[in-house]
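Peer 1: Pasting a structure below so you can have a look.
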Amino acid sequence: MCKLSEFLTGSFRKHQWREALLLCLAMLTQGFILKNPELIQAEMSHSMEGSEGQGQSQIPVWQFLDLISQHDMIPMAIKPHSIFFLSSEQNFVGAYQDWLFHSVSRMGMKFGSQDARKMFQAICRLTPQSWTKWDLSPEMMEFLALSKTLRDSRKAWKTEAHRNKNLNRVPWDGCQVCKNLDGTKQCVQYLLVHGSKIKDKVEKKLIIAGDNGGMESPISSLTDKCVLLNDLNLGYIELDHEVYDRCGRFVVHLLNADTKEEVAGVVFNLLNDAEMVNLEENQARIKRLTSKLKRGKLFSDFSGWKGLRGGMYPVGFRQPSGGRPGDGYAPYPATEIVNQEDARILFAYAMDIECILAKIEPHASTLVAQMHNLGKEACVLGHYGVTAYHCWNYIAPQHFDKDATWTVSYQLSKQGCMEDEFNFAFSEWGKVLKTERNCVWFQVFKLGLGGLEVNTCMALWPLVLPL
């Protein structure tokens, strides 16, 4: 076994990881016999509360919220994601373990771990008429209102998404309108794809459309860093308007032909008009709140391609530059919370993210479940452990990322360009997506081939905690 680094040695000395793990395992058993789950839960509650026999907390909701409110317990200045502690039960329980338990305990309130879920459920039953009668701070009332809106919207989005998926459809028999048609004419298609062998040809190069004439670039020094789409023999994925008009949906899943696992997917016309308007308003606002990311030479070389001056603007969290694994994530500038307006803006971005993920969940349940689970360990925007990157006129060469995880991209607008420009290449799988306004695509970044030319889109990247 290799020698531990100085950092790991210090970590083991400080936290006693080996002993802590053994203690946790020992607590679950009586010799070789598993303990009764109720006994385990009682012991966990006792260990967190520091005394026996406290039982269920009888703290009134108003008293609990008033204590947090009057003493400014929400650590939003150093933990911006803490403002989402009322957005879901998972967030509330996480906040209890992270900062809430210690904060209320210091003020003399006995709030046991077994009461966290009951308290959250009680808070969810509150109405604006209830909390406006209490003497709560403006910030607390704002968080209650924003959190309720987010919870209610999440339910509505998921309900609508599943209703749309089941349109003209029987769960065990597929779409009743197109089930007897050829596979290429069905509204939900599954394409078997094989790994392509063009990595060496496209890596660190920009895929551009057109014939040889398309190689003429205002940046002459980049000609050798581009490759023509026509030379790659990639198959197109595009919206079939006839199928969509007939069935009310058009979804394409890409399956690895060898393993039959899904590696990518596309859903066209994902959101309704009102939801798109909200995204457009937030998209326009983000430019005024934060600066675009500085990109490395591989990306910055193409910043002047065809006169474009686009960029990528982040909202969410990142690992600190030069930080060690385990240091956690610091917020991007736009994620910092200074006042109520900042909180409203961050909630608006969380609404965008949750709306997109709720709408694709019926078509990509594994992806959404993974992002949900990451919210248990990482900083969250709303309910999910993701970071949103808003992009304008964004172009990127084909590149490989090390993260083995899902990513989601949404095309909000596409105008002022040719039909074969600003598309997206699943070049690892021999496909290219002809993007449309209001389409979303997702993929597993095991090899991480990046985009072709992506215009005015929003990408959701899971926060992957380093090992």
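Numbering (the numbering used here), first residue to last: 1088 to 1554.
Glycine included, every Cβ here is placed at the ideal spot set by N, Cα and C.
Quick one: what does DSSP say residue 1477 is sitting in, helix, strand or coil?
Peer 2: strand
Peer 1: Is it buried or exposed for residue 1448, if we count other Cβ within 10 angstroms and need 16 for buried?
Peer 2: Answer is buried; the Cβ neighbour count reaches 16.
Peer 1: Name the DSSP beta bridge partners of residue 1398, please?
Peer 2: 1479
Peer 1: Which residues mark the beginning and the end of the alpha helix (DSSP H) in which residue 1181 is found?
Peer 2: Element bounds for residue 1181: 1176-1182.
Peer 1: Taking buried to mean at least 16 other C-beta atoms within 10 Å of its own C-beta, is residue 1320 buried or exposed?
Peer 2: exposed
Peer 1: Taking only the alpha-carbon atoms, compute the straight-line gap between residue 1165 and residue 1266 and give it to the nearest angstrom.
Peer 2: 54 angstroms
Peer 1: If we count the other Cβ atoms within 10 Å of its Cβ and call it buried at 16 or more, is residue 1260 buried or exposed?
Peer 2: Result: exposed.
Peer 1: Give me the Cβ distance between residue 1352 and residue 1340, rounded to the nearest whole Å; I'm assuming they're in contact under 8 angstroms.
Peer 2: 5 angstroms
Peer 1: Taking all protein chains shown into account, do 16 or more other C-beta atoms lie within 10 angstroms of the C-beta of residue 1279, making it buried, or fewer, making it exposed?
Peer 2: exposed
Peer 1: Alpha carbon to alpha carbon, how far is residue 1218 from residue 1147? Give it in angstroms, no decimals.
Peer 2: 13 angstroms
Peer 1: Would you mind giving the Cβ-Cβ distance between residue 1523 and residue 1498, rounded to the nearest angstrom? I have them listed as a contact below 8 angstroms.
Peer 2: Yes, they are in contact, since the Cβ atoms of residue 1523 and residue 1498 sit about 6 angstroms apart, within 8 angstroms.
Peer 1: Using the C-alpha atoms, what's the distance from residue 1350 back to residue 1412?
Peer 2: Caution applies to residue 1412, whose pLDDT of 45 falls short of 50 and renders its modelled position unreliable; the model cannot decide the point.
Peer 1: Compute the beta-carbon to beta-carbon distance between residue 1333 and residue 1254, rounded to the nearest angstrom, for a pair I have assumed lies under 8 angstroms.
Peer 2: With 8 angstroms as the limit, residue 1333 and residue 1254 do not qualify as a contact, their Cβ atoms being about 11 angstroms apart.
Peer 1: For my contact list, residue 1167 and residue 1424 are in at a C-beta cut-off of 8 angstroms; report their separation, rounded to the angstrom.
Peer 2: 5 angstroms
Peer 1: What does the alpha-carbon distance come out to for the pair residue 1520 and residue 1356?
Peer 2: 14 angstroms
Peer 1: Looking at residue 1173: is its Cβ nearer than 8 angstroms to the Cβ of residue 1210?
Peer 2: yes
Peer 1: If you drop the 5 nearest sequence neighbours on each side, which residues of the same chain put their C-beta closer than 8 angstroms to that of residue 1301?
Peer 2: Annotation note: pLDDT 43 at residue 1301 (below 50); position unreliable, no value reported.
Peer 1: Sort out for me which residues DSSP pairs residue 1494 with in a bridge.
Peer 2: 1530
Peer 1: Would residue 1182 be called buried (16 or more neighbouring beta carbons within 10 Å of its own) or exposed?
Peer 2: It is buried - the Cβ of residue 1182 has at least 16 other Cβ atoms within 10 Å.
Peer 1: Using only the alpha-carbon positions, how far apart do residue 1329 and residue 1440 sit?
Peer 2: 29 angstroms
Peer 1: Tell me, please, which residues DSSP counts as bridged to residue 1485.
Peer 2: 1290
Peer 1: How would you write the range of the alpha helix (DSSP H) that residue 1334 sits in, first residue to last?
Peer 2: Residues 1328-1334.
Peer 1: Quick one: is residue 1470 buried, meaning 16 or more other Cβ sit within 10 Å of its Cβ, or exposed?
Peer 2: buried
Peer 1: Answer yes or no: the CB of residue 1183 versus the heavy atoms of the ligand GTP, is any distance below 7 angstroms?
Peer 2: The ligand GTP is not part of this structure, which contains no ligands at all.
Peer 1: Closest by CA to residue 1371, which one among 1354, 1400, 1359?
Peer 2: 1400
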